[in-house]
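Okay, here's the thing in structure tokens:
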């Protein structure tokens with residue numbers, strides 16, 4: 222749960238969901254930052270210690286998100302962390318080209334989606350939907366409404382939402398019927414629980430949702446125990462160290 226971020230200055234908890242404008246939302250909560258916004262967010266935003274702090278999340282059409290992560294993190298051979306980790310996990314050579322169909326087939330054959338990299342893991346797992354019903358569910362396809370919600374907490378949305386621009390309808394023409402079927406299989410719960418239509422030609426996103434907040438299970442453990450929070454802080458530290466070591470190794474090889 223190291224992607225659960227409490228912004229004390231704005232009185233909000235944001236559950237980060239990779240490939241769903243998370244960089245821009247973190248940047249907005251930090252009031253603008255030019256460096257590594259993910260690392261800075263972990264420095265300046267903490268884990269929550271109160272179950273009543275308002276929680277918000279953002280979701281994205283599963284077709285659009287799957288194609289986006291493939292283009293940015295798998296097709297792009299310069300990604301030395303997510304792509305290399307994907308190749309190692311699924312027995313592929315990092316030097317080889319990986320097609321979108323190959324990428325999806327590997328994910329579809331993975332029986333334990335809970336330990337997938339968060340960039341391509343189902344959104345319902347990233348957002349802990351079993352344990353968290355947030356007060357606001359925003360949609361990357363409806364960023365104006367997200368902006369209105371954030372303004373109520375004095376958060377100015379940083380106008381750098383590349384995923385929102387790329388979350389247009391272009392994926393309809395880029396995804397084959399076979400690829401669409403794989404996406405429906407991998408992300409079946411995202412379609413069902415987040416309200417997106419399996420009909421790839423239906424470009425209308427679900428409405429943003431305001432609701433009474435409910436938290437349970439692992440989230441309650443997080444906010445009620447300093448030892449649980451310490452555990453997640455240490456997990457994040459080791460993840461960052463592993464990523465940094467990988468980058469240094471690849472730099473030395475070059």
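Residue numbers (my numbering): 222 to 475. Even for Gly, the Cβ is constructed at its ideal location relative to N, Cα and C. These figures come from a predicted structure and were not determined experimentally.
(message) Quick test of the definition: if touching needs 3 or more C-beta pairs under 8 Å, does the stretch 234 to 248 touch the stretch 417 to 427?
(response) no
(message) Tell me which residues share the same chain as residue 386 and place their Cβ nearer than 8 Å to its Cβ, disregarding the 5 neighbours each side in the sequence.
(response) At residue 386, the pLDDT of 44 sits below 50, so the modelled position is not reliable and the matter cannot be decided from this model.
(message) Does residue 353 come out as helix, strand or coil in the three-state DSSP assignment?
(response) In the three-state reduction of the DSSP assignment, residue 353 falls in the strand class, which pools E and B.
(message) One question on the structure: do residue 269 and residue 435 come within less than 8 Å of each other, judged by their Cβ atoms?
(response) no
(request) Give me whichever residues DSSP pairs with residue 228 in a beta bridge. (result) Beta-bridge pairing by DSSP links residue 228 to 233.
(request) Determine the extent of the beta strand (DSSP E) in which residue 278 is found, giving its start and end residues. (result) Start and end: 276 to 280.
(message) Between residue 376 and residue 341, how many whole angstroms is the CB-CB distance? I'm expecting something under 8 Å.
(response) Not quite, the Cβ-Cβ distance comes to about 28 Å (not below 8 Å), so this is no contact.
(request) Check residue 342 in the structure and name its three-state DSSP category. (result) Note: residue 342 maps to coil in three-state DSSP.
(request) State the start and end residues of the unbroken alpha helix (DSSP H) segment that holds residue 222. (result) Per DSSP, residue 222 belongs to no alpha helix (DSSP H) and is neither H nor E.
(request) Let me know the secondary structure DSSP gives residue 359 once reduced to three states. (result) strand
(message) Can you check which of these residues, 240, 223, 364, is closest to residue 284 by C-alpha distance?
(response) For the residues 240, 223, 364, the minimum Cα distance to residue 284 belongs to 240.
(request) Under 8 Å by Cβ, that's how I've got residue 237 and residue 226 pegged, so tell me the actual separation to the nearest angstrom. (result) 6 Å
(message) In the DSSP output, which residue or residues are listed as bridge partners for residue 431?
(response) 357
(message) Are there any heavy atoms of the ligand SAH lying less than 7 Å away from the beta-carbon of residue 323, as far as the coordinates show?
(response) Annotation note on the ligand SAH: not contained in the displayed structure, which lists no ligands.
(request) Rounded to whole angstroms, what's the CA-CA distance from residue 298 to residue 279? Just pull it up for me. (result) 28 Å
(message) If we require 4 or more residues per run, which alpha helix (DSSP H) segments fall completely within the stretch 370 to 425?
(response) Runs found: 383 to 387, 392 to 395, 398 to 407, 409 to 415.
(message) Let me check understanding here. Comparing Cα to Cα, which of 273, 441, 407 lies closest to residue 322?
(response) 407
(message) By the three-class DSSP mapping on this structure, what secondary structure does residue 302 have?
(response) coil
(message) Bridge partners for residue 267 per DSSP, in chain order?
(response) Answer is 227, bridged to residue 267.
(request) Please report the residue range of the alpha helix (DSSP H) in which residue 246 lies. (result) 243 to 250
(message) Looking only at its chain, what residues have a beta carbon closer than 6 Å to the beta carbon of residue 405, apart from the 5 residues adjacent to it on each side?
(response) Same-chain partners within the cutoff: 419.
(message) Using only the alpha-carbon positions, how far apart do residue 446 and residue 333 sit?
(response) 28 Å
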